[in-house]
Amino acid sequence: MQFTINRSEFIKAMNHVSRAISSRTSMPILTGVKLELDETGLTLTGSNTDISIETKIPFSDDQAKLEQTQPGALVLPASFLLIS
Numbered sequence: 006m007q008f009t010i011n012r013s014e015f016i017k018a019m020n021h022v023s024r025a026i027s028s029r030t031s032m033p034i035l036t037g038v039k040l041e042l043d044e045t046g047l048t049l050t051g052s053n054t055d056i057s058i059e060t061k062i063p064f065s066d067d068q069a070k071l072e073q074t075q076p077g078a079l080v081l082p083a084s085f086l087l088i089s
């Protein structure tokens, strides 16, 4: 998966989904954010054992300036992606 995006729009989306992520959980996968890039845009998903929050950044969003190089999906630790 490879893409480029406006940094401030990515941070805004990350801050939104990070509300559902717990740093203390017995399931390590729940400390991560799922990023999925497909033909419609970028989807970010954060979950804990109670709720999931998903946000979509479409290619048509002029502010995000999302460009796809290669589609794909992955889960990365939220602490790795959360930027102040």
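In the numbering used here, the protein residues as written are 6 to 89. Ideal Cβ placement from N, Cα and C applies to all residues, glycine included.
### Query
Can you tell me whether residue 18 is buried or exposed, with buried defined as 16 or more other CB within 10 angstroms of its CB?
buried
### Task
Put residue 8 into one of helix, strand or coil per three-state DSSP.
strand
### Query
So what does DSSP say about residue 26, is it helix, strand or coil?
coil
### Message
Once the 5 residues before and after residue 21 are set aside, which same chain residues still bring their CB inside 7 Å of it?
### Response
58, 60
### Message
Can you check which of these residues, 75, 11, 77, 36, is closest to residue 23 by C-alpha distance?
### Response
36
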